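Novice: Going by this note's numbering, the sequence shown opens with residue 17, and the numbers climb by one from there.
Provided herewith is a single structure, encoded as structure tokens, for subsequent inquiry.
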Amino acid sequence: MLLDFKEFPSSISQVPSSIGALVNLERLVICGAPHLTKLPDSIGMLKCLVELDISDISIAELPNTIINLKNLKALNVSGSCIQKLPEAIGMLEKLEEIYGMCCNWLETISSEIVRLPFLKNLILTDTCVGNVPKLPQSLICLHLSSRALEKAQDISNLVNLRSLELCFTNSTSIGRDTTSQRFYQRMYSCRDNVNWSTKVVRCELELPSISSISSYLGCLHHIKQLELINCKNLCQIGQLPSSLTQLMVDNCNLLEVVDLSNLSDFKNLKDLVVRDCPKLVEIQGLDRLESLESLAIRRCSSWLCLPDLSNWKKLKTWDVDAPTTYSARGKRVAQSRYLPLSHLERLRGSANLEL
Numbered sequence: 017m018l019l020d021f022k023e024f025p026s027s028i029s030q031v032p033s034s035i036g037a038l039v040n041l042e043r044l045v046i047c048g049a050p051h052l053t054k055l056p057d058s059i060g061m062l063k064c065l066v067e068l069d070i071s072d073i074s075i076a077e078l079p080n081t082i083i084n085l086k087n088l089k090a091l092n093v094s095g096s097c098i099q100k101l102p103e104a105i106g107m108l109e110k111l112e113e114i115y116g117m118c119c120n121w122l123e124t125i126s127s128e129i130v131r132l133p134f135l136k137n138l139i140l141t142d143t144c145v146g147n148v149p150k151l152p153q154s155l156i157c158l159h160l161s162s163r164a165l166e167k168a169q170d171i172s173n174l175v176n177l178r179s180l181e182l183c184f185t186n187s188t189s190i191g192r193d194t195t196s197q198r199f200y201q202r203m204y205s206c207r208d209n210v211n212w213s214t215k216v217v218r219c220e221l222e223l224p225s226i227s228s229i230s231s232y233l234g235c236l237h238h239i240k241q242l243e244l245i246n247c248k249n250l251c252q253i254g255q256l257p258s259s260l261t262q263l264m265v266d267n268c269n270l271l272e273v274v275d276l277s278n279l280s281d282f283k284n285l286k287d288l289v290v291r292d293c294p295k296l297v298e299i300q301g302l303d304r305l306e307s308l309e310s311l312a313i314r315r316c317s318s319w320l321c322l323p324d325l326s327n328w329k330k331l332k333t334w335d336v337d338a339p340t341t342y343s344a345r346g347k348r349v350a351q352s353r354y355l356p357l358s359h360l361e362r363l364r365g366s367a368n369l370e371l
């Protein structure tokens with residue numbers, strides 16, 4: 017049984033207490049009701065409720081009786097004014113999914129959350145959470161962003177993670193792709209479109225204060241995609257897993273060295289993007305990436321040197337700005353007999369080289 021108020025949200029200012037009489041209700045959706053500020057206590061009588069969606073309403077807290085919803089599996093508070101998750105959230109023992117995108121007022125995650133044995137997806141973005149408690153080992157997807165947090169709780173126990181996104185920045189501007197809009201879109205990717213059994217593992221970190229990424233990668237086995245954004249204190253990237261197929265590094269101001277030489281199998285990495293790293297002078301192991309299909313290096317140090325590309329027979333996409341290409345033995349690259357004509361044309365256009 018479904019009760020859906022989202023077709024006429026502007027008319028809703030309160031939910032009647034009589035809703036508790038719908039004892040067989042399995043799904044309750046109340047979306048986009050700006051005048052709705054609270055839910056009745058009788059909502060705790062909905063013993064069969066499996067999904068509660070109260071996104072984009074003005075509610076600041078959930079009634080205490082919500083802990084009686086023993087069959088609840090999915091809770092969506094995205095875009096609401098929620099300030100804290102229920103203190104006794106651990107009593108919702110069947111809860112599998114918590115979504116809170118664009119929760120600008122959210123300050124507290126209850127330590128009881130670790131008691132949720134089946135929690136798979138936890139997505140809380142654009143929050144002002146000041147502390148992250150220990151999280152349940154069952155998590156598969158963790159996306160968390162906060163303006164008030166600099167360092168995350170140890171997540172080494174999350175051995176089942178398949179998708180990790182952490183963004184801790186004090187910036188109040190939410191104009192980047194990496195924040196609210198993209199998080200909101202990915203909720204449905206986590207929920208419906210990803211076959212977790214395939215172990216497609218991705219990690220996105222936007223952590224200005226960290227100087228090492230090793231503690232975050234330790235719990236991600238067989239990682240395929242890694243994005244490092246605005247990690248402003250990161251000086252070196254190394255010890256990357258050989259399973260990596262995509263690596264993107266963006267706006268890491270102090271980064272000097274990207275070390276790919278420890279990759280035991282250089283045949284896996286296919287996409288490499290490095291942008292806005294003005295101090296980057298070396299990408300170690302780059303010449304051994306025989307399976308590289310896409311390479312982008314933009315706005316990095318003019319001292320950055322690229323190797324001879326003659327081994328890169330699979331390279332399909334090239335986007336390297338002129339200063340890097342020219343100073344990085346660009347003429348030698350352009351004259352490689354093994355590079356397809358299409359590559360030479362791209363080089364000619366990007367660096368204005370003499371061929």
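For every residue, glycine included, the Cβ atom is placed at its ideal position computed from N, Cα and C.
Keep in mind that this is a model prediction, so the values were computed, not measured.
Assuming Val-45 and Asp-72 are in contact, meaning their beta carbons sit under 8 Å apart, how far apart are those beta carbons, in whole angstroms?
Specialist: About 11 Å separates the two Cβ atoms, so there is no contact after all.
Novice: Which residues does DSSP list as the beta-bridge partners of Ala-76?
Specialist: DSSP output for Ala-76 lists no bridge partner at all.
Novice: Taking the C-alpha atoms as reference points, what is the distance between Asp-335 and Leu-182?
Specialist: Between Asp-335 and Leu-182, the C-alpha separation is close to 28 Å.
Novice: Give me the DSSP bridge partner(s) of Ala-90.
Specialist: For Ala-90, which the question treats as bridged, DSSP gives the partners Glu-67 and Glu-113.
Novice: Taking Lys-240 as the reference, which of Ser-227, Asp-292, Leu-177 and Pro-294 has the closest Cα?
Specialist: Checking every option, the nearest Cα to that of Lys-240 belongs to Leu-177.
Novice: From what residue to what residue does the alpha helix (DSSP H) around Leu-233 run?
Specialist: Taken as a continuous stretch (DSSP letters only), the alpha helix (DSSP H) holding Leu-233 covers 230 to 233.
Novice: Any chance you could list the beta strand (DSSP E) runs of at least 3 consecutive residues sitting entirely within the region 288 to 336, in chain order?
Specialist: Runs found: 298 to 300, 310 to 314 and 333 to 336.
Novice: Over the uninterrupted beta strand (DSSP E) stretch that includes Asp-170, give me the two end residues.
Specialist: Taken as a continuous stretch (DSSP letters only), Asp-170 belongs to no beta strand (DSSP E), as it is neither H nor E.
Novice: Between which residues of its own chain and Glu-67 is the CB-CB distance below 6 Å, once the five residues before and five after are set aside?
Specialist: Excluding residues within five positions, the ones whose Cβ falls inside 6 Å are Arg-43 and Ala-90.
Novice: Applying the 10 Å Cβ sphere with the 16-neighbour rule, what's the burial state of Asn-40?
Specialist: Looking at its Cβ environment, which holds fewer than 16 other Cβ atoms inside 10 Å, Asn-40 is exposed.
Novice: Ile-245 bridges to which residues according to DSSP?
Specialist: Per DSSP, Asp-266.
Novice: Quick one, are the C-beta atoms of Leu-151 and Leu-174 less than 8 Å apart?
Specialist: Yes, these two residues count as a Cβ contact at 8 Å.
Novice: Just curious, the beta strand (DSSP E) that Glu-123 is in, first and last residue?
Specialist: No beta strand (DSSP E) holds Glu-123; DSSP gives it neither H nor E.
Novice: At the level of alpha carbons, what is the spacing between Gly-365 and Leu-158?
Specialist: Unreliable placement is indicated for Gly-365, whose pLDDT of 42 sits below 50; the coordinate value is still reported in the next sentence. Rounded to whole angstroms, Gly-365 to Leu-158 spans 42 Å at the Cα level.
Novice: What is the DSSP secondary structure of Arg-43, counted as helix, strand or coil?
Specialist: Of the three classes helix, strand and coil, the one that applies to Arg-43 here is strand, per DSSP.
Novice: Going along the chain, which residues of its own chain have a beta-carbon closer than 8 Å to the beta-carbon of Thr-333, five neighbours each way excluded?
Specialist: Correct list, in chain order: Glu-309, Ser-310, Leu-311 and Ala-312.
Novice: My output table needs one value for Val-148: the three-state DSSP class, helix, strand or coil.
Specialist: Coil.
Novice: Closest to Ser-58 by C-alpha separation, out of Leu-52, Cys-47 and Gly-36, would be which residue?
Specialist: If we check each option's Cα against that of Ser-58, Gly-36 comes out closest.
Novice: Quick one: grab the DSSP three-state call for Arg-163.
Specialist: DSSP places Arg-163 in coil when its eight states are reduced to three.
Novice: Count the other C-beta atoms from every protein chain shown that fall within 10 angstroms of the C-beta of Leu-18, then say buried if there are 16 or more, exposed otherwise.
Specialist: Exposed is the call here.
Novice: Do Ser-34 and His-51 have their beta-carbon atoms positioned less than 8 Å apart in this structure?
Specialist: No, these two residues do not count as a Cβ contact at 8 Å.
Novice: Between the Cα of Val-375 and those of Cys-47, Pro-56, Ala-49 and Gly-48, spot the shortest distance and give me the residue it belongs to.
Specialist: Shown here, the chain extends from 17 to 371; a query on residue 375 therefore has no answer.
Novice: From Ser-318 to Asn-92, what distance separates their C-alpha atoms?
Specialist: About 48 Å.
Novice: Please report the straight-line C-alpha distance between Leu-155 and Leu-132, rounded to a whole angstrom.
Specialist: Their backbone Cα atoms lie some 10 Å apart in a straight line.
Novice: Going by CA-CA distance only, name the one from Ser-94, Ser-126, Gly-106 and Glu-128 that's closest to Cys-118.
Specialist: The candidate whose alpha carbon is nearest that of Cys-118 is Ser-94.
Novice: How is Ser-179 classed by DSSP in three states: helix, strand or coil?
Specialist: DSSP places Ser-179 in strand when its eight states are reduced to three.
Novice: CB Leu-271 to CB Leu-296, shorter than 8 Å?
Specialist: Against a cut-off of 8 Å, the Cβ pair of Leu-296 and Leu-271 comes out as a contact.
Novice: Within the continuous beta strand (DSSP E) that includes Cys-219, where are the two ends?
Specialist: Note, Cys-219: beta strand (DSSP E), 217 to 222.
Novice: DSSP state of Val-130, grouped into three classes?
Specialist: Val-130 falls in the helix class under three-state DSSP.
Novice: The beta strand (DSSP E) spanning Thr-81 covers which residue range?
Specialist: No beta strand (DSSP E) contains Thr-81, which DSSP labels as neither H nor E.
Novice: Work out the CA separation of Ser-225 and Gly-254 for me, nearest whole Å.
Specialist: Roughly 17 Å separates the two Cα atoms.
Novice: So who's on the other strand from Ile-226, going by DSSP bridges?
Specialist: Bridge partners of Ile-226: none, in fact.
Novice: Assign Phe-184 to one of two classes, buried (16 or more other C-beta atoms within 10 Å of its C-beta) or exposed (fewer than that).
Specialist: Counting Cβ neighbours within 10 Å, Phe-184 comes out buried, since at least 16 surround it.
Novice: Can you tell me the Cα-Cα spacing of Trp-212 and Lys-63, whole angstroms?
Specialist: Note on Trp-212: pLDDT 42, under 50, position unreliable in the model; the coordinate value appears next. Taking the straight line joining both Cα atoms gives about 30 Å.
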